[in-house]
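Read through the structure below, which is laid out as structure tokens, and then see the notes.
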DNA sequence: ATGTTCACTGGGCAGTCTGTTCAGTGATAC
DNA sequence: GTATCACTGAACAGACTGCCCAGTGAACAT
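Residue numbers (the numbering used here), protein chains in the order written: chain A, 1 to 157; chain B, 1001 to 1157.
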């Protein structure tokens, strides 16, 4: 569960140059190939590395508008609302947060006008009491993990 | 910019089995290897596929607590606040949203108690007027892209 | 001190994939 | 009618992967 310095270097290297192979990594890190391979296997079976899926940019797909909707759910309707939102492709992520049945919902849309359609579809469901939406304008820090990995690796040293 | 059905199948296949190679993909999809290769190159140079970085689970790294902080920024301090937050490893993502200088900030922490430390570090900066935090409890829909890809592929058909 | 366990090293092997190139084909656009 | 484009099927050398092995060194328990 805790990662050491070598694990950290492996992850960071992989994050910076994903197409790199195990052999090249072992060369860069100055360790044997078998070591890198064993570490990678361990990191994956630990669940630290979930996978290497493609990172798709919704904007490039034609969905340049991102928004967050805060939903207030009627007591006991949580499960239904989740199932409903899971069927909406524009819902990229759904989280339940502290607060009385609150959910936070990450949305994308083809345009600001299209966002209205998406929101209507999201909230057009019994069980949602109230919704407020904030449109994302800029993304100064895109979803990242490297600094955290480096800190986790340093902590274990 | 628009993706067709084959592009969609490539992305979905890649998302489901990231370790798959171009050759195996071409077999599964029933097209020539060169086609898959050309499509992949195009998707990447288009920016639709940003990369194949490892998906790291913060929880497995020892950061099981996720929270969202809404920050209200003093006029004109936006750039400074961004630079500040970029230096905090526990800040996984930062977005500016509609509203008077508002930012939304995705955080992780080692525990609820540790979250206090993180939040103190986040808001311990001149220029942040107010902050409110919501702790994430569940994640019914983890960050996903497949449904959107499928819809984008279907739309172009 | 002795023995065990574990991770790492460095080597080797067969099998497979990648990057690249090429000519041929069909559909589409001009 | 012709140029353009994407796709096919094939080929090639080079590189990588998965897997195996024996040897070494450190940490740990006996």
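Note that beta-carbon positions come from the ideal geometry of N, C-alpha and C, so glycine has one too.
These numbers were taken from a predicted model, which means no experiment stands behind them.
> In the stretch 1112–1136 of chain B, which residue ranges form an unbroken beta strand (DSSP E) of at least 3 residues, counting only runs that do not cross its ends?
Replying inline: You should have found no qualifying run.
> Do the stretch 1141–1150 of chain B and the stretch 1116–1129 of chain B make contact, defined as three or more Cβ pairs closer than 8 Å?
Replying inline: Touching, no.
> residue 99 of chain A and residue 1134 of chain B look like a contact to me (Cβ under 8 Å); what is the Cβ gap, rounded to whole Å?
Replying inline: Here the question's residue 99 of chain A lines up with position 99 in the first chain. Here the question's residue 1134 of chain B lines up with position 134 in the second chain. Indeed, because the Cβ distance is near 6 Å, the residues count as touching under 8 Å.
> Which residue from A/65, A/46 and A/56 puts its Cα closest to that of residue 1056 of chain B?
Replying inline: Taking the first residue of the second chain as position 1, residue 1056 of chain B is located at position 56. Ranking A/65, A/46 and A/56 by Cα distance to residue 1056 of chain B puts A/46 first.
> Could you give the residue range of the alpha helix (DSSP H) that holds residue 34 of chain A?
Replying inline: Position 34 of the first chain holds residue 34 of chain A. Residues 33–46.
>> Against chain A, does residue 1054 of chain B count as a neighbour if the rule is that its beta carbon must be under 7 Å from one of theirs?
In response: As a working note, residue 1054 of chain B is residue 54 in the second chain. Residue 1054 of chain B counts as touching chain A.
> In chain B, which residues lie less than 7 Å from residue 151 of chain A when you measure between Cβ atoms?
Replying inline: The residue you call residue 151 of chain A lines up with position 151 of the first chain. Per Cβ cutoff of 7 Å: 1089.
> Since residue 1024 of chain B meets chain A, which of its residues come closer than 9 Å, beta carbon to beta carbon?
Replying inline: Within the second chain, residue 1024 of chain B is the residue found at index 24, counting from 1. Here the premise fails: no neighbours, minimum Cβ distance about 15 Å.
> Name the DSSP bridge partner or partners of residue 1103 of chain B?
Replying inline: Locating residue 1103 of chain B in the second chain gives position 103, counting from the first residue. Per the DSSP secondary-structure output, residue 1103 of chain B pairs in a beta bridge with B/1071 and B/1096.
> Does any residue of chain A bring its CB to less than 7 Å from the CB of residue 979 of chain B?
Replying inline: The first residue shown for chain B is 1001 and the last is 1157, placing residue 979 of chain B beyond what the model contains.
> When the Cα of residue 1124 of chain B is compared with those of B/1006, B/1009, B/1084 and B/1155, which residue comes out closest?
Replying inline: Sequence index remark: in the second chain, residue 1124 of chain B carries index 124 (1-based). Nearest C-alpha to residue 1124 of chain B: B/1084.
>> For a test of the three-state rule: what should DSSP assign to residue 1108 of chain B, helix, strand or coil?
In response: If you number the second chain from 1, residue 1108 of chain B lands on position 108. Residue 1108 of chain B falls in the strand class under three-state DSSP.
>> Checking 7 Å against the spacing of the C-beta atoms, do residue 1018 of chain B and residue 52 of chain A come in under that value?
In response: The count along the second chain starts at 1 and reaches residue 1018 of chain B at position 18. The count along the first chain starts at 1 and reaches residue 52 of chain A at position 52. Pairing residue 1018 of chain B with residue 52 of chain A gives a Cβ-Cβ distance under 7 Å.
> Since residue 49 of chain A sits in a beta bridge, which residues does DSSP pair it with?
Replying inline: For this step, residue 49 of chain A is matched to residue 49 along the first chain. B/1056, per the DSSP bridge assignment.
> Between residue 97 of chain A and residue 1069 of chain B, what straight-line distance do the alpha-carbon atoms span, to the nearest angstrom?
Replying inline: What you label residue 97 of chain A is simply residue 97 of the first chain in a count that begins at 1. What you label residue 1069 of chain B is simply residue 69 of the second chain in a count that begins at 1. Put simply, the backbone Cα of residue 97 of chain A is about 11 Å away from that of residue 1069 of chain B.
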